[in-house]
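Okay, so the sequence shown: first residue is 1 according to the UniProt record's numbering, each after it adds one. In this text, a Cβ means the ideal position worked out from N, Cα and C, and glycines have one as well. What follows is a single structure, written as structure tokens, with notes after it.
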Amino acid sequence: MAHFDASMTPEEIKKAKMKTVMKVTAILAAVTIVEFIFAFAWPDGSSRTILNILFLGLTFLKAGYIIMEFMHLGHETFLLKFVILFPLLFLVWLCVALFVEGQAILDAFLNW
């Protein structure tokens with residue numbers, strides 16, 4: 001979020017907060033637009049695995065940005081960020097494992 005100090009008036013604080021919210025909204029909207037472009041421009045015959053990985057990565061990017069801004073983690077020390085964000089790697093691993101296993105199960109049923 002924006003930096004506030006004691007010399008700011010309530011109106012200046014309100015404007016700074018609104019500027020931060022608009023910035024975050026614009027960044028998240030831009031990433032979402034990129035997701036839509038990938039979704040609608042992806043060739044029909046090609047593998048969707050890469051597309052799924054892109055979606056997953058962009059979703060984690062948006063989630064991380066929201067955590068950094070609205071949970072004020074972006075202004076903390078490196079160690080605190082690491083302790084909070086490192087477990088997300090296990091979540092990414094879980095998602096990749098579920099995609100791979102789900103595809104294997106689907107292939108097994110289709111080839112049965």
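Among the options, which one has its Cα closest to the Cα of residue i?
i     : options                          : result
Tyr65 : Lys19, Ala39, Asp107 and Leu28   : Leu28
Val96 : Ser7, Asn52, Phe109 and Leu85    : Asn52
Leu89 : Val31, Ala16 and Leu56           : Leu56
Thr32 : Leu106, Lys62 and Thr20          : Lys62
Ser47 : Leu110, Ala108, Leu80 and Gln103 : Gln103
Suppose the cutoff is 7 Å on Cβ atoms and the five residues either side in sequence are ignored; what does the same chain contact list for residue i look like?
i     : result
Val34 : Leu58
Ile67 : Leu73
Spell out whether any CB of chain B is found under 9 Å from the CB atom of residue i.
i     : result
Gly64 : Of the protein chains in this structure there is only one, and it is not chain B.
Is it buried or exposed, residue i, if we count other Cβ atoms within 10 angstroms and call 16 or more buried?
i           : result
Glu11       : exposed
residue 117 : There is simply no residue 117 to check, as the chain begins at 1 and stops at 112 in what is shown.
Can you list, in chain order, the residues of its chain whose CB lies under 6 Å from that of residue i, leaving out five sequence neighbours each side?
i     : result
Glu69 : Val24
Would you please state the rounded distance, in angstroms, between the beta carbons of residue i and residue j? I believe it to be under 8 Å.
i     : j     : result
Val92 : Phe60 : 7 Å
Phe38 : Leu54 : 6 Å
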